[in-house]
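Engineer: In my numbering, the protein residues as written are 300 to 832.
The C-beta atom is built at its ideal place from N, Cα and C for all residues, glycine as well.
One structure coming up, written as structure tokens, with questions to follow.
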Amino acid sequence: MGQHQQRRFTVGFGPRTRGVLLGMAAVLLLFGAADALTRVLGGTTSPLTAVGLLLIRLLPSDLVKLAIDLFGEADKIVLILSVGAGGLVLGGVLGGLLHRRRRTAVTVFALIGAGLVALVALRPESGPRDLIAAVLGVFLGAVVLALGIPRKPRKSRDAGLEPAEPAPADPTEPPEPGLRRRTVLILAGASALIGTAGLAVGQTVATVGRGAVDAARRFVLPTPVVTAAAVPAAAEVGVDGVAPFTTAQADLYRIDTALVPPAVDSETWELRVDGLVEEPFTLSFAELLEEPLEEHRITLTCVSNPVGGDLLGTGVWTGLPVRTLLARARPHPEADMVLSHSVDGFTASTPLEAMTDDRASLVAIGMNGEPLTAEHGYPVRLIVPGLYGFVSATKWVTRIEVTRFDRAEAYWTRRGWDARAPILVSSRIDVPGGLDVVDAGDIIVAGSAWSQGVGIASVQVRLDDGDWTDAELGAEVNVDTWRQWRLAVPVEAGRHALTVRAIGRDGTVQTAERRDPIPNSATGHHRVEFRAE
């Protein structure tokens, strides 16, 4: 039995298996080394993130929506892990070809390496440091893969050919020149360890979901000439479990197309205002800080927010009104849209009127009295009340292009989403939670409602299939923020369901029709099932 097991091990760890291990190790080393070098050299985009960003742009909108629905803010981590897993599989396949189709394997790896370098080079935020890191990563991966290429057998002085290594224990297996099993294990293990360590300390894993180095603390926000009014105590309904009226910057949702928040240097950052304007100009960050800044309390909402979801939050935003910049540029009469550009290539379409009327549209540099963090747009982002974030809240903004809707399309518009995206009246139940068990009798139901730009007139709740009952509203801070509500509801023991709807100040009643987010937000009433005992 022992001899049989020995033979099976020897056959199972033949040249193909050795090649597979080396191929996977080569890819892991490529990604890990390039990631770490990108971070050490001060770059922004590694091959791993470049592939992920390409996939984001190529994936169908339905698949992007599904990823957000399933994973929420963890969708970027899932994508990175998926890209890495796909790379390992491809590396294993190429490594397995080395002992039979070495030319094919080497050629394909070289083409893939060149493609990764090209992807990095094509990213708008990339520079020479990113290219150096990518080239070195590809080179190291290629070296490991090349070590798995079988060597030609040495010629014997006496006669014929001799194998480069001793004959295997199994006489039925032909000798294979090349690396020994122990050497392969050591090389593959070392490469995998180095690659994993590179990812652990590198740009991708160290920053996905958390942002790059928090450069946002390099300056103190100037004192605004217009300050936001304090939140009155009556705005909070005082029910545990209801989201705080003001959202901490660290708790604000993050949904964007950047796998890693760009590391933007405020010293070199500039905002270009151009397009269909009489006077195009460029503004530096230092010049922006000298402008008369304003504070405004605004609720930001993501179009991908599911019914009852938490992809929204409220903060005090500090910045310069966009209308000030546009007044200086003097848009042409035929212009009707602003196309905002991010440093990472993302674009958003915003109706020009939303940036020139009296609403608090801002080129924002701070939230809640602190500079923006990297993941939330440092050094500068846009905030436009009354519109979903994908057309109003461009992060890391570098250009405001005045144009027309019939001449330009934004990133999400090309994928079937609404180009204007006004926020719809919505509401949710925070307390009780789904499937909670509560004491029978009077229970407190509470939550939030929002209709930015319009305001909330009333919120109604019903138990099971009963009548709608008006809830008690918290004080309104302004029409651009959400509004809390609460209601005492008597319930008997058993299973029940609560449903909520909101009514805007313009008389619009929240629709009960269930609809997916595309093209402009999910709709329907939030319903929570629970049990009373």
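To the nearest angstrom, how far is the alpha carbon of T598 from that of R553?
Structural biologist: To locate residue 598, count along the sequence shown from 1; it is residue 299. To locate residue 553, count along the sequence shown from 1; it is residue 254. Cα-Cα distance, rounded: 14 angstroms.
Engineer: With respect to the beta strand (DSSP E) encompassing R800, which residues constitute its N-terminal and C-terminal limits?
Structural biologist: Taking the first residue of the sequence shown as 1, we reach residue 800 at position 501. Counting along the chain, the beta strand (DSSP E) containing R800 begins and ends at G793 to G803.
Engineer: Would you list the residues sitting across from L786 in a DSSP beta bridge?
Structural biologist: Here residue 786 corresponds to residue number 487 of the sequence shown, with the count starting at 1. Note: L786 sits in a beta bridge opposite V744.
Engineer: With G612 and A663 assumed to form a contact (beta carbons below 8 angstroms), what rounded beta-carbon distance in angstroms separates them?
Structural biologist: Residue numbering aside, residue 612 sits at position 313 when the sequence shown is read from its first letter. Residue numbering aside, residue 663 sits at position 364 when the sequence shown is read from its first letter. Contact doesn't hold; Cβ gap of about 14 angstroms is too wide.
Engineer: Output the distance between the C-alpha atoms of S641 and V736, rounded to the nearest integer angstrom.
Structural biologist: Here residue 641 corresponds to residue number 342 of the sequence shown, with the count starting at 1. Here residue 736 corresponds to residue number 437 of the sequence shown, with the count starting at 1. If you take the alpha carbons of S641 and V736, they lie about 46 angstroms apart.
Engineer: Near V606, what residues of its chain come up, given a Cβ to Cβ distance below 6 angstroms and the 5 sequence neighbours on each side ignored?
Structural biologist: Position 307 of the sequence shown, counting from 1, holds the residue named residue 606. Answer for V606: A821, G823 and H825, listed in chain order.
Engineer: From which residue to which residue does the beta strand (DSSP E) around F829 run?
Structural biologist: As a working note, residue 829 is residue 530 in the sequence shown. H825 to A831 is the extent of the beta strand (DSSP E) around F829.
Engineer: Taking L389 as part of the alpha helix (DSSP H), name the residues at either end of that continuous run.
Structural biologist: Position 90 of the sequence shown, counted from the start, is the residue given in the question as residue 389. D374 to G395 is the span of the alpha helix (DSSP H), which, as asked, contains L389.
Engineer: My output table needs one value for T348: the three-state DSSP class, helix, strand or coil.
Structural biologist: On the sequence shown, residue 348 is found 49 positions in, with the first residue counted as 1. The answer is helix: DSSP assigns T348 an H, G or I state.
Engineer: Please classify H675 as buried or exposed, where buried requires at least 16 neighbouring CB atoms within 10 angstroms.
Structural biologist: Residue 675 sits at position 376 when you count from the first residue of the sequence shown. H675 should be labelled buried.
Engineer: Find the nearest neighbour of I743 within the set P789, G436 and V382, judged by alpha-carbon distance.
Structural biologist: The count along the sequence shown starts at 1 and reaches residue 743 at position 444. The shortest C-alpha separation from I743 is found at P789.
Engineer: Rounded C-beta distance between V443 and L321? I'm assuming under 8 angstroms.
Structural biologist: Reading the sequence shown from its first residue, position 144 is the one you call residue 443. Reading the sequence shown from its first residue, position 22 is the one you call residue 321. Between L321 and V443 the Cβ distance is about 6 angstroms, and since that is below 8 angstroms, they are a contact.
Engineer: In the DSSP assignment, find the alpha helix (DSSP H) that holds E578 and state where it starts and stops.
Structural biologist: Taking the sequence shown and counting its residues from 1, the one referred to as residue 578 is at position 279. Note, E578: premise wrong, no alpha helix (DSSP H); not H, not E.
Engineer: Could you tell me the alpha carbon to alpha carbon distance between T600 and V319, rounded to whole angstroms?
Structural biologist: If you number the sequence shown from 1, residue 600 lands on position 301. If you number the sequence shown from 1, residue 319 lands on position 20. Computed Cα separation, rounded: 47 angstroms.
Engineer: Judging by CA-CA distance, which residue of A432, V679 and R698 is the nearest neighbour of T646?
Structural biologist: On the sequence shown, position 347 is the one that residue 646 refers to. That would be R698, whose Cα lies nearest to the Cα of T646.
Engineer: With distances taken Cα to Cα, identify the nearest neighbour of V339 among L435, L352 and H398.
Structural biologist: Working through the sequence shown from its first residue, we reach residue 339 at position 40. It is L435 whose Cα lies nearest to the Cα of V339.
Engineer: What is the residue span of the alpha helix (DSSP H) that L661 lies within?
Structural biologist: As a first step, residue 661 is located in the sequence shown; it is residue number 362 there, counting from the start. Run containing L661: none in the alpha helix (DSSP H); it sits in the beta strand (DSSP E), L661 to M666.
Engineer: Please confirm if the stretch 790-803 is in contact with the stretch 705-714, defined as three or more CB-CB distances below 8 angstroms between the two stretches.
Structural biologist: Touching, no.
Engineer: Going by beta carbon distance, what residues of the same chain come within less than 6 angstroms of R516, once the five residues before and after it are set aside?
Structural biologist: Taking the sequence shown and counting its residues from 1, the one referred to as residue 516 is at position 217. Unreliable placement is indicated for R516, whose pLDDT of 49 sits below 50; no coordinate value is reported for it.
Engineer: Tell me the DSSP secondary structure of V363 in three-state form.
Structural biologist: Here residue 363 corresponds to residue number 64 of the sequence shown, with the count starting at 1. Helix, per DSSP.
Engineer: What residue does the alpha helix (DSSP H) around P427 start on, and which one ends it?
Structural biologist: Position 128 of the sequence shown, counted from the start, is the residue given in the question as residue 427. Segment P427 to A445, the alpha helix (DSSP H) holding P427.
Engineer: Report yes if the C-beta distance between A739 and A796 is below 8 angstroms; otherwise report no.
Structural biologist: Reading the sequence shown from its first residue, position 440 is the one you call residue 739. Reading the sequence shown from its first residue, position 497 is the one you call residue 796. Not in contact: A739 and A796 (Cβ atoms no closer than 8 angstroms).
Engineer: Per DSSP, which residues does A647 bridge with? Please list them.
Structural biologist: Position 348 of the sequence shown, counted from the start, is the residue given in the question as residue 647. Looking at the DSSP assignment, A647 forms a beta bridge with S639.
Engineer: The beta strand (DSSP E) with P620 in it runs from where to where?
Structural biologist: On the sequence shown, position 321 is the one that residue 620 refers to. Per DSSP, P620 belongs to the beta strand (DSSP E) from L611 to P620.
Engineer: Kindly indicate which three-state DSSP category V339 falls into: helix, strand or coil?
Structural biologist: Taking the sequence shown and counting its residues from 1, one reaches residue 339 at position 40. Of the three classes helix, strand and coil, the one that applies to V339 here is helix, per DSSP.
Engineer: Only counting the same chain, and skipping five residues up and downstream in sequence, which positions put a Cβ closer than 7 angstroms to that of V525?
Structural biologist: Residue 525 sits at position 226 when you count from the first residue of the sequence shown. Excluding sequence neighbours, V525 sits near E593 and E594.
Engineer: State buried or exposed for E828, treating a residue as buried only when at least 16 other CB atoms are found within 10 Å of its CB.
Structural biologist: Here residue 828 corresponds to residue number 529 of the sequence shown, with the count starting at 1. Flag for E828 reads exposed.
Engineer: Which one of A634, T655, W616 and F689 has the shortest CA to CA distance from L624?
Structural biologist: Numbered from its first residue, the sequence shown carries residue 624 at position 325. Cα-wise, what sits closest to L624 is T655.
Engineer: Using the three-state DSSP reduction, which class does R727 fall into: helix, strand or coil?
Structural biologist: Residue numbering aside, residue 727 sits at position 428 when the sequence shown is read from its first letter. It is a strand residue.
Engineer: Between which two residues does the beta strand (DSSP E) holding T702 run?
Structural biologist: Translated into the one-based positions of the sequence shown, residue 702 becomes position 403. Residues V696 to T702.
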